[in-house]
Every structure is written in structure tokens, then in C-alpha cells.
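To keep things clear, I will list the structure first and then write my remarks on it.
Numbering (our numbering), first residue to last: 369 to 510.
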């Protein structure tokens, strides 16, 4: 519905660039799915209609990966921000794509674990940008 879809110019421009040097290339629309089933339904619709899909976490990437150079629909996954599973024994955590490093470390406070500063900013989406760049890793003990 309306609070989960936008074609407003300002919203599209906000989602058409990241921190890279690449010029803004806004999508045709932005959607905010909140569950895996919604992502699946939207992806199936885009596939059937041959509309490009562009994932968006927090826009902190440096590669231009959010630029919708062929238009399409931007999937802003920031509302999918649950921490699904934490294994203290395995030093691993399963997160939804909208979880940020800051939110993850806040959740880990008091466990003796943290996600160390690395190649991602504090606002970077852990479940989207971090794995996309191949820089996910195990949690570290304090």
C-alpha cells in the first residue's frame, strides 16, 4: 500500500545513489517490504514484467550498486531489521537485510561479542551490503 510504495521524485533520487562517485540514477519506484514473503511476491512480479530490481540497504556503499541505470524498482530493505538467531557457541548471527552494524553491536552488548570495525560504516546494512561485498565474517570476542 501507499506507506510502502513511493514514486515521489525526492524519494527516488535518495535511492538512486550511494556514497560512490557515480551520478544519481533513480529507480522508477521504491518499495519497502517488511517480510520475506513480500520480497518474494514483489520479485516474482518484477520478473514477470521484466522490470529490474535494485536492492537498497542504507545507501552507504561505495560501488554504485544502488544506481538504477535501467530504471526499475528499488527494494529498500531497511524495515527488515530483525536479528533472527544468535549462536554464542558458534560466534555467528543470522540477521535480516536491514540490520545495521550499530544495531547488531547494541544487540550483542553484554554477550562478550561484537562485530568489529572493518570495511563497513556504522550505518551499513549487515544483511545486505556486507555479504554483497564478501566482507561478512564471524563475530569477535571482546
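Ideal Cβ positions, reconstructed from N, Cα and C, are used throughout, including at glycine.
Pop quiz: residue i and residue j are said to be a contact at Cβ under 8 Å. What is the actual Cβ separation, rounded to whole angstroms?
| i | j | result |
| --- | --- | --- |
| residue 459 | residue 445 | Actually they are not in contact, since the Cβ atoms of residue 459 and residue 445 sit about 25 Å apart, beyond 8 Å. |
| residue 425 | residue 395 | So it is not a contact: roughly 14 Å between Cβ atoms. |
| residue 443 | residue 410 | 7 Å |
| residue 422 | residue 436 | 5 Å |
| residue 397 | residue 377 | Incorrect: roughly 11 Å between the Cβ atoms, too far for contact. |
Considering residue i, what are the terminal residues of the beta strand (DSSP E) in which it resides?
| i | result |
| --- | --- |
| residue 397 | 397 to 399 |
| residue 453 | 451 to 455 |
| residue 421 | 421 to 424 |
At which residues does the alpha helix (DSSP H) containing residue i begin and terminate?
| i | result |
| --- | --- |
| residue 410 | 404 to 417 |
| residue 471 | 469 to 476 |
| residue 381 | 377 to 382 |
So what does residue i bridge to, in DSSP terms?
| i | result |
| --- | --- |
| residue 437 | 439 |
| residue 463 | 451 |
| residue 374 | 398 |
Classify residue i as buried or exposed, calling it buried when 16 or more other Cβ atoms lie within 10 Å of its own Cβ.
| i | result |
| --- | --- |
| residue 456 | exposed |
| residue 462 | exposed |
| residue 429 | buried |
| residue 389 | exposed |
| residue 479 | exposed |
| residue 380 | buried |
Compare the C-beta of residue i against all C-beta atoms of chain B and say whether one is closer than 7 Å.
| i | result |
| --- | --- |
| residue 404 | In the structure shown, chain B cannot be found, because there is only a single protein chain. |
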